[in-house]
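This report refers to the structure that appears directly beneath it.
In my numbering, the protein residues as written are 863 to 959.
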């Protein structure tokens, strides 16, 4: 099964998230178990190493799993949309880097 991750950013005071992260594809060849995902309430930092994207940080507000089932196993997939909400927490107190 292939997994696709898409991150959306929810700015403070906004009613709907904005598209921020591109879909990231992970296939069976790349992992033997489904990849670890941030849970609701987890902190996330999205950084584009290429500079082609908006970097952002925040707390996971929601996750939506959409499953696609095909006629053959290689057609099966799961798209996971993760909404990251802007927060006021002091990131310097979360972890020492």
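All C-beta atoms in this analysis are idealised placements derived from N, C-alpha and C, irrespective of residue type, glycine included. Please read these numbers as outputs of a predicted model, since none were measured by experiment.
Would you decide whether residue 920 is buried or exposed? Buried here means 16 or more other CB atoms lie within 10 Å of its CB. buried
Can you tell me where the beta strand (DSSP E) with residue 1003 in it begins and where it stops? Outside the displayed range of the chain (863 to 959) lies residue 1003, so it cannot be described from this structure.
Consult DSSP for residue 955 and reduce its assignment to one of helix, strand or coil. helix
Please report how far the alpha carbon of residue 928 lies from the alpha carbon of residue 951, in whole angstroms. 30 Å
Kindly indicate which three-state DSSP category residue 948 falls into: helix, strand or coil? coil
Going by C-alpha distance, which of 876, 866 and 863 is nearest residue 949? 876
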